[in-house]
Amino acid sequence: MPAMKTLRYFLLLMAGTLTLHGQEAWRDRMALPLMGKHNWIVIADPAYPLPSSTGIEVAATQLSQTDLLTAVLKALTGAHHVRPVFYTDSELPFVPEEVANGIGSYRAQLATLLQGGEVSSLPQDQIEAKMESASLRYHVLVLKSTTLLPYTAVYIELDSGYWNADAERRLRAAMQGGNPK
Numbered sequence: 011m012p013a014m015k016t017l018r019y020f021l022l023l024m025a026g027t028l029t030l031h032g033q034e035a036w037r038d039r040m041a042l043p044l045m046g047k048h049n050w051i052v053i054a055d056p057a058y059p060l061p062s063s064t065g066i067e068v069a070a071t072q073l074s075q076t077d078l079l080t081a082v083l084k085a086l087t088g089a090h091h092v093r094p095v096f097y098t099d100s101e102l103p104f105v106p107e108e109v110a111n112g113i114g115s116y117r118a119q120l121a122t123l124l125q126g127g128e129v130s131s132l133p134q135d136q137i138e139a140k141m142e143s144a145s146l147r148y149h150v151l152v153l154k155s156t157t158l159l160p161y162t163a164v165y166i167e168l169d170s171g172y173w174n175a176d177a178e179r180r181l182r183a184a185m186q187g188g189n190p191k
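Once you know that position 165 of the sequence shown is 175 in the numbering used here, the rest is easy, because the numbers rise by one and skip nothing.
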C-alpha cells in the first residue's frame with residue numbers, strides 16, 4: 011500500500027510539473043518560423059479538452075483570453091510569411107450576460123482585436139471539424155487561457171502571407187491557358 015501512495019504522489023507531482031512547464035513555455039511552443047499555411051493556433055478557454063489526436067498540441071497559459079489573443083496577434087504581426095484567418099463561434103453573440111458575467115465586455119474587446127481581419131463565424135462543431143481535419147496532416151497548437159466564459163475560442167488558421175487567393179486563381183488560369191510567364 012505505501013508503494014501505491016508513493017506512485018500516486020509521484021504521478022500528481024509529474025502532472026503538476028507538466029502543467030507548470032506548459033504555462034511557462036507556451037511562447038516557445040508557438041514556433042511561428044516553423045509554422046505555415048494550414049497550421050492552426052487556437053486561443054481557448056480552460057475547459058477545452060486535451061485531445062488524443064497526435065497533430066494537436068495543448069499548452070496552458072496564465073493569461074486571460076484577450077491578453078493571450080493580443081500576444082499571439084503581436085507575434086503574427088511580425089511573421090510576414092503567414093497571415094491569420096480567424097474563426098469565432100457563431101454561438102458567442104447569443105450567450106446572455108445573466109449566465110456568463112463579462113461576456114458582453116469580452117465580445118466588445120474581441121471585436122476591437124479582430125477589427126480589419128478576415129473573420130468567419132461558424133457553429134463551434136463546424137470549426138472544430140475543420141481544425142481536426144487539418145490536424146491529420148498539419149500541426150495545431152491550442153493555447154488555453156484562464157477566462158471562464160463559454161464559446162470564446164478564437165481559431166486561427168494560418169495562410170500564406172505573401173500569396174493570396176486572387177494570385178492563386180490567376181496562376182491556375184495561366185496554367186490552363188498554357189502560357190508560362
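Yeah, the Cβ is synthetic: ideal placement off N, Cα and C, and Gly gets one too.
If you draw a straight line from the Cα of Thr87 to the Cα of Pro190, it comes to about 33 angstroms. The alpha-carbon of Arg37 is positioned some 15 angstroms away from that of Gln75. Close CB contacts of Leu60 within its chain, under the 7 angstroms cut and outside five residues either way in sequence, are with Val68 (chain order). Straight-line measurement puts the Cα of Tyr97 at about 37 angstroms from the Cα of Gly188. The distance from the Cβ of Asp55 to that of Leu120 is about 13 angstroms, inconsistent with a contact at the 8 angstroms cut-off.
Sequence-distant Cβ neighbours of Leu83 in its own chain, meaning closer than 8 angstroms and more than five residues away, are Pro94 and Leu123. Under the DSSP definition of a beta bridge, Asp169 partners with Arg93. A residue is called buried when at least 16 other Cβ atoms come within 10 angstroms of its Cβ; His90 does not meet this threshold and is exposed.
Restricting attention to Ala41, Gly46 and Ala177, the CA atom closest to the CA of Asp169 is found in Gly46. Boundaries around Ser130 are those of the beta strand (DSSP E), Glu128 to Leu132, since no alpha helix (DSSP H) includes it. Around the beta carbon of Asn49, a 10 Å sphere encloses 16 or more other beta carbons of the protein chains shown; the residue is thus reported as buried.
Taking Ala41 as reference, the option from Ala85, Thr80, Gln125 and Gly65 with the minimal CA-CA separation is Ala85. Lys47 sits in coil when the DSSP states are folded into three classes, being neither helix nor strand.
The alpha-carbon of Pro160 is positioned some 20 angstroms away from that of Leu151. The C-beta separation of Arg117 from Pro133 comes to about 17 angstroms, leaving the pair out of contact by the 8 angstroms criterion. Ser155 counts as buried, since no fewer than 16 other beta carbons sit within 10 angstroms of its beta carbon. Taking C-beta separations shorter than 6 angstroms and ignoring five residues to either side along the sequence, the partners of Ser131 in its chain run Thr98 and Ser100, following chain order.
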